[in-house]
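Peer 1: My structure is below; once you've seen it, I'll send some questions.
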Amino acid sequence: MVAEHRPESSGSLYRMPLLELISLAHLVHIEHHNLSDIQKCVLLSIKTGGCPEDCGYCSQSAHHETGLERQALLSIQDVRAAALRAREQGAQRFCMGAAWRSAPSGQSFEQVLGFIREVKSLGLEACATLGMLTPEQAKLLKEAGLDAYNHNLDTSREFYGNVITTRTFDDRLRTIQSVREAGITVCSGGILGLGESDEDRCRLLTELASMNPQPESVPMNLLVPVKGTPLERAVPVSSTVLIRTIAVARILMPKARIRLSAGRLSLNREAQLLAFFAGANSIFMGDKLLTTPNVSKDEDESLFAEIGGL
């Protein structure tokens, strides 16, 4: 049995020699997970653009001129069709994202509850990311059958204000608490390549690992620079930074599903395989993640064939 590591050890783990770190993370991974269990997820934008938040990375912010075409809330027929396609492609989880600062009340929220019920009727796990929630909204989402709620911390508390000013770090934590109290599992992770330091990445991991209970799902995203956003010229991080971060996340949160999320287009096959070895055990399929491009179906099928057993 691999010894447990406390959340505050993120820095010392992150600074380990890379191969030693990956080896340790792999031992933790095989102790808690089946290596062939890589969950496939599909992410659909159910309401696109016009968000009042000023997140420096986001194509959907109303503060940025990105040329994105705004789209009203989809119909239940559109959501059902997308969920059916996801199921046919082998997805186990279907995630729905809406460009809202806070989940609305009234008819729009009732529509989303209907989407969740529809997705669940198809035998898929249902996940949503709708912005900030009230405790009452979280309870209604749970009653509709929602399995997980995504609300990323994005980066460390200390660096957060360099990226977002319209919502505080503590606002995010309050929504996560509402989700947890409603009995919905938590999906929360970060974005690498925002201009943060190694120390910021470690602080993010410490924050996530210190949650009690820890998040069941931890997405690790690479920034996909979008023209028209403040971070369009951000310096990309190396694949080894992503792999280090995934490895530390796996060691500190041994039972979580670590999701290799946005930015896979910038990774070659070998980097993705190494990320799985270091502890990632989920990917997002589909040609698009909300509004940014993703790896094609054929490339993913080839990747899974390389891994074998899927």
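Position 278 of the sequence shown, counted from 1, bears residue number 278 in full-length UniProt numbering, the numbering being contiguous throughout.
The beta carbon of each residue, even a glycine, is placed where N, CA and C say it ideally should be.
Tell me residue 211's beta-bridge partners as DSSP assigns them.
Peer 2: None, per the DSSP bridge assignment.
Peer 1: Under three-state DSSP, which class holds residue 43?
Peer 2: Three-state result, residue 43: strand.
Peer 1: Excluding the 5 residues preceding and the 5 following residue 6 in the sequence, name in chain order all residues of the same chain whose CB lies nearer than 6 angstroms to its CB.
Peer 2: Excluding residues within five positions, none has a Cβ falling inside 6 angstroms.
Peer 1: My guess is that residue 51 and residue 100 are in contact by the Cβ rule of under 8 angstroms, so how many angstroms apart are they, rounded?
Peer 2: Going by Cβ atoms, the distance from residue 51 to residue 100 rounds to 7 angstroms, so yes, they are a contact pair.
Peer 1: Does the beta-carbon of residue 269 have 16 or more other beta-carbons within 10 angstroms, so that it is buried, or is it exposed?
Peer 2: Exposed, since its Cβ has fewer than 16 Cβ neighbours within 10 Å.
Peer 1: How big is the Cα-Cα spacing for residue 231 and residue 1?
Peer 2: Their Cα atoms are separated by approximately 42 angstroms.
Peer 1: Opposite residue 202 in the DSSP bridges: which residues?
Peer 2: Beta-bridge pairing links residue 202 to no other residue.
Peer 1: Within the same chain, show all residues whose beta-carbon is closer than 6 angstroms to that of residue 102, passing over the 5 residues directly before and after it, in chain order.
Peer 2: 131 and 132.
Peer 1: Do residue 195 and residue 246 have their beta-carbon atoms positioned less than 8 angstroms apart in this structure?
Peer 2: Cβ atoms of residue 246 and residue 195: not closer than 8 angstroms.
Peer 1: Between the C-alpha atoms of residue 146 and residue 122, what's the straight-line distance to the nearest angstrom?
Peer 2: Taking the straight line joining both Cα atoms gives about 13 angstroms.
Peer 1: Which residue comes first and which comes last in the beta strand (DSSP E) that contains residue 219?
Peer 2: Run containing residue 219: 217-222, per the beta strand (DSSP E) assignment.
Peer 1: Going by CA-CA distance only, name the one from 303, 255 and 267 that's closest to residue 25.
Peer 2: Measuring from the Cα of residue 25, the nearest candidate turns out to be 255.
Peer 1: Spell out the partners DSSP gives residue 125 in its beta bridges.
Peer 2: BP columns for residue 125 point to 93.
Peer 1: Return the residue from the list 207, 271 and 77 that minimises the CA-CA distance to residue 238.
Peer 2: Ranking 207, 271 and 77 by Cα distance to residue 238 puts 271 first.
Peer 1: With a 10 Å radius around its C-beta and 16 neighbouring C-beta atoms as the bar for buried, classify residue 61 as buried or exposed.
Peer 2: With 16 or more Cβ atoms within 10 Å of its Cβ, residue 61 is classed as buried.
Peer 1: Decide if residue 18 is buried, meaning its Cβ has at least 16 other Cβ atoms within 10 Å, or exposed.
Peer 2: Classification for residue 18: exposed.
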